[in-house]
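First residue of the sequence shown: 1124, per the working numbering; consecutive thereafter. Reading through the structure tokens given below for one structure.
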Amino acid sequence: MKIAIIVAICLILASFSFIPQQLVDKNSIALEIHEDTNNERIKAGLHELQYNPQLAKVAEGHSDDMAQRNYFDHVTPEGLEPVDRARNAGVKCEVGENIYTVELWGNRDRLAYRAMSDWMDSEEHKANILHESYIQEGIGIAFNYWGVAYVTQNFC
């Protein structure tokens, strides 16, 4: 009987790791971050960024890669930088990138809020968000097996 209970508990706990991938609308989180980014730009007297689906695919690919291979860096283990990944996808422009990861991400609004708050508290990330020459952005979000969120924000 004890073994059956332990097995049942393990199965229940293991199923929680799949919740983020199945129930979270990553596009809604990305659009929330996009809106928050434009709000920050408007407050700073800058033009809004257009959302670029091609750039979002580049960002999502990087988030997926970090989540699947358990690393957190602008440069892939093979040495590909943001500009390389964008160029490989046919995007030709000056590329900037913000990345974010968090284990306990809460709900959709909380993840978007935490990513933006942390980026705006960092001079380097804030500079990307408020860069005058950027006109587009794309955002990609992924979760690893344990529910850790990886967010990539690419600018062009």
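Don't be surprised by glycine CBs; every beta carbon is placed ideally from N, CA and C. Please read all numbers here as calculations on a predicted model, not as lab measurements.
>> Quick check: the Cα distance between R1233 and V1274, rounded to an integer number of angstroms?
In response: Straight-line measurement puts the Cα of V1274 at about 13 Å from the Cα of R1233.
> What residue range is occupied by the uninterrupted beta strand (DSSP E) comprising T1275?
Replying inline: First-last of the beta strand (DSSP E) with T1275: A1272 to F1278.
>> Nearest by alpha-carbon distance to A1235: which of G1270, I1264, A1179 and K1180 is it?
In response: The candidate whose alpha carbon is nearest that of A1235 is I1264.
> Among R1237, Q1177 and D1241, which residue has its Cα nearest to the Cα of C1279?
Replying inline: Checked all of R1237, Q1177 and D1241; the closest Cα to C1279 is Q1177.
>> Rounded to the nearest angstrom, what separates A1272 and Y1223 at their Cα positions?
In response: As the crow flies, the alpha-carbon of A1272 is around 8 Å from that of Y1223.
> Counting along the chain, where does the alpha helix (DSSP H) carrying I1165 start and finish?
Replying inline: Element bounds for I1165: K1149 to K1166.
>> Tell me the DSSP secondary structure of I1258 in three-state form.
In response: In this structure, I1258 counts as coil in the three-state DSSP scheme.
>> Once the 5 residues before and after S1186 are set aside, which same chain residues still bring their CB inside 7 Å of it?
In response: Scanning its chain for C-beta atoms nearer than 7 Å, with the 5 sequence neighbours on each side dropped, one finds around S1186 the residues G1263, I1264, A1265, Y1273, V1274 and T1275, in chain order.
>> Rounded to the nearest angstrom, what separates Y1268 and N1175 at their Cα positions?
In response: Cα to Cα, the separation comes out at about 28 Å.
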